[in-house]
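Mind the numbering: the sequence shown is residues 391 to 645 in the numbering used here, read in order. Idealized CB from N, CA, C, for every residue including glycine. The model shown is predicted, which means the values in this text are computed figures rather than measured ones. To keep things clear, I will list the structure first and then write my remarks on it.
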Amino acid sequence: MTTKILCFLIVVLSQNGWSQNQDGTIVNGRIVSGASDLEGVYVVNAQTEVMTTTDASGTFSIPAKPGEMLVFSSIQFKENRVLLTPENFSDINFTVKLNMVMHQLQEVVVRNYSGINAVSLGIIPGDQKSYTEAERKLHTATALNATATAGTMAGGSISADPLLNFFSGRTAMLKKEVAVEKKEFFMKLLERMFTLDHFVDRLKIPAEYVKGFEYYAVENDKFTVILNSKNKTSTEFLLGELAVKYKEIIASENK
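Below you can see the structure in the form of structure tokens.
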């Protein structure tokens with residue numbers, strides 16, 4: 391009798407173990423990657439097609455059994471497949487590493503759009519004079535702005551602003567700004583064309599006098615015309631003549 395009862399218990403326990411093995415259990419784990427956003431990665435049991443997603447920390451829980459395959463898939467990560475082992479179910483630090491997908495450009499085409507401007511687009515006429523900021527202020531301050539309007543005398547009305555600007559001294563001040571702006575332009579052009587070594591070694595201008603010589607040169611109207619033509623040979627020739635005169639000035643001042 392005891393033997394029969396023992397055999398019955400063995401059969402029941404075996405059936406329970408087989409049933410539990412068929413039902414499966416839960417595997418817990420976490421994905422790791424170089425990315426900070428680990429949420430929303432799909433975790434799919436390839437055999438049962440049960441699916442879940444990872445949380446913000448990358449952890450997941452899914453029904454599975456040893457020997458089944460988990461598939462990890464996401465837009466930002468490469469797909470990874472993991473064959474589960476019995477150790478994965480008891481490992482509290484079960485982790486799956488995912489590699490990020492690197493989207494590489496096949497070809498980069500660099501186009502030169504330097505020729506596109508207001509003139510090429512037809513916004514302003516090609517023969518229209520362009521003004522610097524100082525010239526634009528002076529033009530605005532001195533323009534008579536005569537307009538023919540209905541109800542006025544023939545020839546229209548004339549703005550009084552140019553007269554007010556003239557008597558207040560604003561026009562004279564703006565003219566000085568234009569002159570200063572032009573000199574600064576020629577100074578930068580000269581410094582781009584010739585290095586400091588050229589002034590010191592070639593023209594024999596003392597280094598501490600180079601800046602003063604540059605101001606002296608751009609004060610010469612003939613020189614600025616040649617300089618603005620960007621003809622380096624002609625500019626260098628006239629610059630040499632001015633350097634001789636400037637060194638004479640320095641010598642006379644140092645006597």
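Thr415 and Lys455 have their C-alpha atoms roughly 6 Å apart. At the C-beta level, Phe462 and Met490 stay beyond 8 Å of one another. When beta bridges are read from the DSSP output, Val461 appears opposite Val434 and Arg471. According to the DSSP secondary-structure assignment, Arg420 is paired through a beta bridge with Thr449 and Thr485. Beta-bridge partners of Ala454 (DSSP): Thr415. Rounded to whole angstroms, the separation of the alpha carbons of Leu617 and Glu567 is 21 Å. In terms of Cβ geometry, Val422 and Ile452 do not form a close pair [threshold 8 Å].
By the neighbour-count criterion, in which 16 or more other beta carbons inside 10 Å mark a residue as buried, Val486 falls on the buried side.
Membership of Thr614 in any beta strand (DSSP E) is not indicated; the residue belongs instead to the alpha helix (DSSP H) covering Asp611 to Asn618. The region 574–592 makes contact with the region 600–610; the number of CB pairs closer than 8 Å reaches 3 or more. By the C-beta density criterion, Glu574 is exposed, having fewer than 16 other C-beta atoms within 10 angstroms. At the C-beta level, Leu460 and Asn435 come within 8 Å of one another. Glu458 has its alpha-carbon roughly 23 Å from the corresponding atom of Leu428.
The C-beta distance from Ser447 to Arg420 rounds to 7 Å, short enough to fall under 8 Å. Here Met577 carries a helix assignment [DSSP, helix/strand/coil].
Thr614 counts as buried, since at least 16 other C-beta atoms from the protein chains shown sit within 10 angstroms of its C-beta. In this structure, Thr444 is the residue among Thr475, Thr444 and Asp481 with its C-alpha nearest to the C-alpha of Leu488. The DSSP-derived three-state label of Thr444 is coil.
Under DSSP, Met490 takes part in a beta bridge, and its partners are Phe467. Per the C-alpha coordinates, the member of Ser426, Ala425 and Asn418 positioned closest to Thr442 is Asn418. If you check the CB distance, Leu629 and Leu593 come in under 8 Å. For Lys645, there is no enclosing alpha helix (DSSP H), since its DSSP letter is neither H nor E.
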